[in-house]
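Here is the structure we will look at, set down as structure tokens.
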């Protein structure tokens, strides 16, 4: 099997990469994804995205810091490996320093399966508690979304498929 690097899957075991390469070679990768994730979500506006994120936060992370803004971002580039961003923007208001927390989601997820959007939001919400991608971070992601690791892998497969054009 040709050993073209699969940029989004490099951290995964060789046998999984080979399975993806096999699907690419047989031109069946899109079919595989469509069968596993046939739906498209309705979360198309920033307002709807914020409401969805707050619903997830309320369900799993009531005590986590508040989020001021959740929006789709056209500038987030998969090439920069940023599918979502969690930022705190500090502003001076009167004599106080206020930090506004924002979650930005790459606009390509407007067209994605609902499971992928949920996975990205769970990932970004988990950063409210755990800044680093450590064991506690991934345990929190799994708690919020039990299929988190499978969805992260499949999302990377989806990005690979998108890149093939």
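Residue numbers (the UniProt record's numbering): 1 to 165.
Even glycine gets a Cβ: it sits at the ideal position worked out from N, Cα and C.
Anyone know if the C-beta pair for residue i and residue j falls short of 8 Å?
| i | j | result |
| --- | --- | --- |
| residue 126 | residue 39 | no |
| residue 105 | residue 143 | no |
| residue 108 | residue 8 | no |
| residue 6 | residue 161 | no |
Would you decide whether residue i is buried or exposed? Buried here means 16 or more other CB atoms lie within 10 Å of its CB.
| i | result |
| --- | --- |
| residue 152 | buried |
| residue 132 | exposed |
| residue 1 | Any reading at residue 1 is ruled out, since the residue's pLDDT is 49, under 50, leaving its predicted position unreliable. |
| residue 156 | buried |
| residue 122 | buried |
| residue 165 | exposed |
Taking C-alpha atoms, which residue in the options lies nearest to residue i?
| i | options | result |
| --- | --- | --- |
| residue 66 | 165, 53, 92, 138 | 53 |
| residue 69 | 124, 150, 137 | 124 |
| residue 146 | 129, 103, 115, 6 | 115 |
| residue 57 | 128, 111, 24 | 128 |
| residue 117 | 31, 43, 9 | 43 |
| residue 119 | 33, 150, 5 | 150 |
| residue 45 | 141, 135, 111 | 111 |
| residue 76 | 12, 103, 99 | 103 |
| residue 60 | 10, 140, 25, 5 | 140 |
| residue 163 | 24, 138, 99, 14 | 24 |
| residue 50 | 130, 138, 101, 134 | 101 |
Across which residues does DSSP place residue i in a beta bridge pair?
| i | result |
| --- | --- |
| residue 72 | 105 |
Worksheet item: Touching or not, the region 16 to 26 and the region 36 to 54, by the rule of three or more beta carbon pairs under 8 Å?
Response: The region 16 to 26, when compared against the region 36 to 54, does not touch it at the 8 Å Cβ threshold.
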